[in-house]
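*Asks:* The numbering of the sequence shown is my numbering, which starts it at 1 and goes up by one.
Each residue gets a CB set at the ideal place from its N, CA and C atoms; glycine is no exception.
First the structure, then my questions, so here it is.
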Amino acid sequence: MNHPRIAVIGGGLTGLAAAWRLSDAGDVVVYEAGDRLGGQIHTIELAGRPVDVGADALLARQPEGERLARDLGFGDADLVSPATGQVHLWIDGRLRPLPQSTVMGVPTDVRGLVRSRVLTPGQLVRAAVEPLLPRRTVAGDRSVADLLGERFGRAVVERLVEPLLGGVYAGDPERLSAEATIGPVWAAAQQHRSLTFGLRAHRDHSAGDDRPVFVTLRGGLGRLVDRLADELGTRVRTRAPVHAVTAAGSRWQLELDGRVDAADAVVVATPAPVAASLLAATVPEAARELAGISTASVGVVALAYDPADAVDAPAGSGVLVPRSEGRLVKAITVSSRKWPHHAGDTFVVRASVGRVDDPSALALDDATLATRVDAEVRWALRLRRPARERRVIRWDGALSQYDVGHRARVDRIRFALEAAGARGLHVGGAALDGLGLSARARDAERLSHEVREDLAAPRARSTTGHSRGVGPEATRRPGTLPRS
Ligand SMILES: Cc1cc2nc3c(=O)[nH]c(=O)nc-3n(C[C@H](O)[C@H](O)[C@H](O)COP(=O)(O)OP(=O)(O)OC[C@H]3O[C@@H](n4cnc5c(N)ncnc54)[C@H](O)[C@@H]3O)c2cc1C
Numbered sequence: 001m002n003h004p005r006i007a008v009i010g011g012g013l014t015g016l017a018a019a020w021r022l023s024d025a026g027d028v029v030v031y032e033a034g035d036r037l038g039g040q041i042h043t044i045e046l047a048g049r050p051v052d053v054g055a056d057a058l059l060a061r062q063p064e065g066e067r068l069a070r071d072l073g074f075g076d077a078d079l080v081s082p083a084t085g086q087v088h089l090w091i092d093g094r095l096r097p098l099p100q101s102t103v104m105g106v107p108t109d110v111r112g113l114v115r116s117r118v119l120t121p122g123q124l125v126r127a128a129v130e131p132l133l134p135r136r137t138v139a140g141d142r143s144v145a146d147l148l149g150e151r152f153g154r155a156v157v158e159r160l161v162e163p164l165l166g167g168v169y170a171g172d173p174e175r176l177s178a179e180a181t182i183g184p185v186w187a188a189a190q191q192h193r194s195l196t197f198g199l200r201a202h203r204d205h206s207a208g209d210d211r212p213v214f215v216t217l218r219g220g221l222g223r224l225v226d227r228l229a230d231e232l233g234t235r236v237r238t239r240a241p242v243h244a245v246t247a248a249g250s251r252w253q254l255e256l257d258g259r260v261d262a263a264d265a266v267v268v269a270t271p272a273p274v275a276a277s278l279l280a281a282t283v284p285e286a287a288r289e290l291a292g293i294s295t296a297s298v299g300v301v302a303l304a305y306d307p308a309d310a311v312d313a314p315a316g317s318g319v320l321v322p323r324s325e326g327r328l329v330k331a332i333t334v335s336s337r338k339w340p341h342h343a344g345d346t347f348v349v350r351a352s353v354g355r356v357d358d359p360s361a362l363a364l365d366d367a368t369l370a371t372r373v374d375a376e377v378r379w380a381l382r383l384r385r386p387a388r389e390r391r392v393i394r395w396d397g398a399l400s401q402y403d404v405g406h407r408a409r410v411d412r413i414r415f416a417l418e419a420a421g422a423r424g425l426h427v428g429g430a431a432l433d434g435l436g437l438s439a440r441a442r443d444a445e446r447l448s449h450e451v452r453e454d455l456a457a458p459r460a461r462s463t464t465g466h467s468r469g470v471g472p473e474a475t476r477r478p479g480t481l482p483r484s
């Protein structure tokens with residue numbers, strides 16, 4: 001096909017990176033509803049310095065995020081890793097170190113747990129008997145709380161695992177899928193009777209890998225977005241919300257405000273509720289499944305303190321707060337300690353609030369929220385005076401919830417698209433295969449690959465109301481569905 005037209009809906013990292021990777025495959029256009037690109041990547045200026053108020057780091061152990069940055073021309077001088085990885089837990093009103101020997105909060109060594117004093121003696125004993133417990137085989141996915149509560153007791157879930165998952169998903173461990181959110185733990189549970197021993201093997205396997213776990217860009221991750229935007233140039237349209245995607249013969253139609261655009265291939269990279277409404281008329285089965293993915297709203301309060309007021313602050317890059325502590329704040333990132341390039345004449349802290357089942361923090365107005373968060377942060381970090389500058393950023397419906405059965409749901413979405421013969425129509429984004437930026441960069445590589453394949457071998461399409469009689473070869477058998 002000569003110069004196919006490729007429409008990418010959503011100007012977050014998934015959409016921008018997919019569009020950039022596709023830019024030699026045809027005429028690419030990115031449609032972004034808002035007036036700003038980057039979605040959940042957003043760098044603001046606070047006290048004269050750039051501060052990320054959405055995502056602030058890439059998981060370096062998944063290579064695709066860093067690969068995207070390097071492919072875009074960023075080098076060693078731009079990529080920076082954390083100065084410290086030490087994290088505290090806010091337990092019973094005191095800061096305790098997160099035990100070193102945990103995998104996603106799950107203990108692999110009782111001695112580390114004892115030293116951290118995160119658990120009471122009774123809770124410790126309960127966690128320590130895990131290797132002696134019989135195996136319970138359960139068909140299919142389970143919730144994080146169900147799997148880990150059964151093996152280690154509720155306290156490990158509430159005091160160690162929930163705060164870590166809370167930082168990523170703002171989710172409820174009673175609902176979050178063990179398969180989709182704590183992959184290494186889930187894998188160990190499939191292979192070993194004891195999770196302690198299974199995870200110890202996992203930990204030993206990664207021991208000796210001294211590469212940093214996270215990496216960011218000096219000057220903020222907004223630079224990644226700016227570089228993508230520069231590369232894409234006029235191919236990006238902001239304030240261009242798409243309202244529906246419908247089939248029109250062998251092409252696709254995008255309904256925009258007051259006009260319709262045509263495309264040969266479409267990548268949907270929006271949050272799940274938007275993707276659901278975009279596809280409602282065209283692939284209703286996929287739309288129904290997308291609509292079933294719920295989201296959590298969160299907020300970030302960025303705070304700038306005088307470094308002289310922070311001389312008593314504990315070492316470490318941050319504090320995680322279990323919901324059982326009853327605080328507004330669920331995580332504190334001490335940016336000035338975490339990132340070497342943030343050290344200097346301002347002590348920068350980011351605090352996040354909001355959980356899927358607790359809207360109380362976000363119900364407060366900005367001024368009240370900032371004041372109360374500032375007070376909690378000052379208490380936790382022993383800061384002497386209030387912040388000199390405070391900014392509240394709200395992320396409504398930002399974080400997709402990977403509830404029990406999420407992986408199977410993603411398979412059903414992909415199958416519905418295949419079964420409808422919706423060739424050329426692709427769905428990506430953080431709602432499906434991983435919230436992290438490195439997972440987003442990987443998704444962009446996959447989307448680019450799949451769109452190229454489609455454009456190389458276009459086929460007749462059969463979607464609701466537009467049946468062109470599709471042959472059985474266009475429908476992938478369920479057994480051959482890709483794992484997400
Ligand atoms: C506070 C916070 C902190 C985070 N920290 C980290 C971190 O440190 N590390 C990490 O790896 N991840 C982090 N994440 C997660 C990560 O940022 C996101 O999962 C990722 O950026 C999502 O990218 P995306 O492109 O899939 O979606 P989004 O960034 O949500 O982009 C979707 C885009 O689609 C647009 N859109 C919506 N509707 C339409 C429409 N109808 N038409 C056109 N466009 C539309 C939106 O405006 C948006 O720009 C964090 C997230 C938040 C909220």
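1) Output the distance between the C-alpha atoms of valine 125 and proline 163, rounded to the nearest integer angstrom.
2) I'd like to confirm something about proline 271: is its beta-carbon nearer than 7 Å to some heavy atom of ligand 1, or not?
3) Roughly how many whole angstroms lie between the Cα atoms of glutamate 389 and alanine 304?
4) Within its chain, find whatever has a CB closer than 8 Å to the CB of leucine 290; leave out the 5 residues flanking it on each side and keep chain order.
5) Helix, strand or coil for valine 118, going by three-state DSSP, please let me know.
6) For valine 213, which option in Val410, Leu59 and Ser23 has the closest C-alpha, if you only look at C-alpha atoms?
7) Using DSSP bridges, identify the partner residues of valine 97.
8) Going by CA-CA distance only, name the one from Trp339, Ala343, Val373 and His341 that's closest to glycine 354.
9) Once the 5 residues before and after serine 438 are set aside, which same chain residues still bring their CB inside 6 Å of it?
10) For the alpha helix (DSSP H) containing glutamine 401, list its first residue and its last residue.
11) Quick one: using the 10 Å Cβ neighbour count with 16 as the cut-off for buried, is aspartate 322 buried or exposed?
12) Within 7 Å: the Cβ of proline 241 and any heavy atom of ligand 1?
13) Let me know the secondary structure DSSP gives alanine 244 once reduced to three states.
14) Measuring straight from C-alpha to C-alpha, what distance separates alanine 269 and alanine 33?
15) Which residue from Leu89, Phe347, Ser324 and His3 puts its Cα closest to that of proline 307?
16) Need the endpoints of the alpha helix (DSSP H) that proline 284 sits in, please.
17) Taking the CB atoms as reference points, tell me whether proline 50 and glycine 222 lie closer together than 8 Å.
18) So, tyrosine 169 versus alanine 296, is the Cβ gap smaller than 8 Å?
19) Got a sec? Which residues, its chain only, sit under 7 Å from proline 523 by beta carbon, not counting five neighbours each side?
20) Tell me whether tyrosine 31, by its Cβ, gets closer than 7 Å to a heavy atom of ligand 1.
21) Report all residues from its chain with a CB closer than 7 Å to the CB of glutamine 40; omit the five preceding and five following residues, and keep chain order.
22) Could you tell me if proline 134 is buried or exposed, where buried requires 16 or more neighbouring beta carbons within 10 angstroms of its beta carbon?
23) Let me check you understand the geometry: is the CB of serine 297 closer than 7 Å to at least one non-hydrogen atom of ligand 1?
24) As an exercise, report each continuous alpha helix (DSSP H) stretch of at least 4 residues that is fully enclosed by the stretch 406-455, in chain order.
25) Mapping the DSSP letters down to three states, classify valine 129 as helix, strand or coil.
26) Beta carbon of valine 157: closer than 7 Å to some heavy atom of ligand 1?
27) Using only the alpha-carbon positions, how far apart do glycine 344 and glycine 48 sit?
28) Residue ranges of each alpha helix (DSSP H) run of no fewer than 4 residues wholly in the stretch 333-406, ordered along the chain?
29) Consider the C-beta atom of serine 335 and the heavy atoms of ligand 1; say whether any pair is separated by less than 7 Å.
30) Answer yes or no: do aspartate 309 and arginine 384 have a C-beta to C-beta separation smaller than 8 Å?
31) Measuring only from the beta carbon, is threonine 137 closer than 7 Å to any heavy atom that is part of ligand 1?
32) Hey, would you say the C-beta of valine 274 is under 7 Å away from at least one heavy atom of ligand 1?
33) Taking only runs of the alpha helix (DSSP H) that begin and end inside the stretch 153-204, which ones reach a length of at least 4 residues, in chain order?
34) Is the beta carbon of serine 177 closer than 8 Å to that of glycine 429?
35) Are there any heavy atoms of ligand 1 lying less than 7 Å away from the beta-carbon of valine 125, as far as the coordinates show?
*Replies:* This is what the structure holds:
1) The sequence position of residue 125 within the sequence shown is 125, counting from 1. The sequence position of residue 163 within the sequence shown is 163, counting from 1. Rounded to whole angstroms, valine 125 to proline 163 spans 21 Å at the Cα level.
2) Position 271 of the sequence shown, counted from the start, is the residue given in the question as residue 271. Flag set: Cβ of proline 271 near ligand 1.
3) Indexing the sequence shown from 1 puts residue 389 at position 389. Indexing the sequence shown from 1 puts residue 304 at position 304. Those two C-alpha atoms are separated by around 5 Å.
4) One-based indexing of the sequence shown puts residue 290 at position 290. Closer than 8 Å at the Cβ level, and outside the excluded window around leucine 290, lie Ala272, Pro273, Ala275, Ala276, Leu279, Ile413, Val427 and Ala431.
5) Sequence index remark: in the sequence shown, residue 118 carries index 118 (1-based). Three-state DSSP puts valine 118 in coil, outside helix and strand.
6) Start at 1 with the first residue of the sequence shown, and residue 213 comes out as number 213. Checked all of Val410, Leu59 and Ser23; the closest Cα to valine 213 is Leu59.
7) Numbered from 1 along the sequence shown, position 97 holds the residue referred to as residue 97. Here residue 97 turns out to be proline, not valine, going by the sequence shown. Proline 97 is bridged to His88.
8) For this step, residue 354 is matched to residue 354 along the sequence shown. Selected option, being the one with the closest Cα: Val373.
9) If you number the sequence shown from 1, residue 438 lands on position 438. Contacts found: Leu58, Leu59, Gln62, Glu64 and Gly65.
10) Indexing the sequence shown from 1 puts residue 401 at position 401. Element bounds for glutamine 401: n/a, residue is neither H nor E.
11) Taking the first residue of the sequence shown as 1, we reach residue 322 at position 322. What sits at residue 322 in the sequence shown is proline, not aspartate. Looking at its Cβ environment, which holds 16 or more other Cβ atoms inside 10 Å, proline 322 is buried.
12) In the sequence shown, residue 241 corresponds to position 241, counting from 1. Proline 241 Cβ: within cutoff of ligand 1.
13) The count along the sequence shown starts at 1 and reaches residue 244 at position 244. Under the three-state reduction of DSSP, alanine 244 is assigned to strand.
14) For the purposes of this step, residue 269 is taken as residue 269 along the sequence shown, with counting starting at 1. For the purposes of this step, residue 33 is taken as residue 33 along the sequence shown, with counting starting at 1. Distance between the alpha carbons of alanine 269 and alanine 33: 12 Å.
15) By 1-based counting over the sequence shown, the position of residue 307 is 307. Checking every option, the nearest Cα to that of proline 307 belongs to Phe347.
16) Numbered from 1 along the sequence shown, position 284 holds the residue referred to as residue 284. Taken as a continuous stretch (DSSP letters only), the alpha helix (DSSP H) holding proline 284 covers 284-291.
17) Position 50 of the sequence shown, counted from the first residue, corresponds to residue 50. Position 222 of the sequence shown, counted from the first residue, corresponds to residue 222. Taking 8 Å as the Cβ cut-off, proline 50 and glycine 222 qualify as a contacting pair.
18) Your numbering for residue 169 matches position 169 in the sequence shown. Your numbering for residue 296 matches position 296 in the sequence shown. Yes; because the gap between Cβ atoms is below 8 Å, this pair is in contact.
19) Since the first and last residues shown for the chain are 1 and 484, residue 523 lies out of range.
20) For the purposes of this step, residue 31 is taken as the residue at position 31 of the sequence shown. Yes - ligand 1 has a heavy atom lying nearer than 7 Å to the Cβ of tyrosine 31.
21) Indexing the sequence shown from 1 puts residue 40 at position 40. Cβ neighbours of glutamine 40 beyond the five flanking positions: Gly12, Gly54, Ala55, Trp395 and Ala398.
22) Residue numbering aside, residue 134 sits at position 134 when the sequence shown is read from its first letter. Per the 10 Å Cβ criterion, exposed.
23) Locating residue 297 in the sequence shown gives position 297, where the first residue counts as 1. No, Cβ of serine 297 sits at least 7 Å from all heavy atoms of ligand 1.
24) Runs of the alpha helix (DSSP H) lying entirely within the stretch 406-455 and spanning at least 4 residues, in chain order: 406-419 and 430-433.
25) Residue 129 sits at position 129 when you count from the first residue of the sequence shown. In this structure, valine 129 counts as coil in the three-state DSSP scheme.
26) Taking the sequence shown and counting its residues from 1, the one referred to as residue 157 is at position 157. Answer for valine 157: no, Cβ out of range of ligand 1.
27) Numbered from its first residue, the sequence shown carries residue 344 at position 344. Numbered from its first residue, the sequence shown carries residue 48 at position 48. A direct Cα-Cα distance of roughly 12 Å separates glycine 344 from glycine 48.
28) 335-338, 360-363 and 366-381
29) As a first step, residue 335 must be located in the sequence shown, where it is residue number 335. Result no, Cβ not under 7 Å from ligand 1.
30) One-based indexing of the sequence shown puts residue 309 at position 309. One-based indexing of the sequence shown puts residue 384 at position 384. With contacts defined by Cβ atoms closer than 8 Å, aspartate 309 and arginine 384 form a contacting pair.
31) Taking the first residue of the sequence shown as position 1, residue 137 is located at position 137. Result no, Cβ not under 7 Å from ligand 1.
32) Here residue 274 corresponds to residue number 274 of the sequence shown, with the count starting at 1. Taking the Cβ of valine 274 as the reference point, at least one heavy atom of ligand 1 falls within a distance shorter than 7 Å.
33) 162-169, 178-181 and 183-191
34) For the purposes of this step, residue 429 is taken as residue 429 along the sequence shown, with counting starting at 1. For the purposes of this step, residue 177 is taken as residue 177 along the sequence shown, with counting starting at 1. Not closer than 8 Å, so no.
35) Residue 125 sits at position 125 when you count from the first residue of the sequence shown. Valine 125: no, Cβ never under 7 Å from ligand 1.
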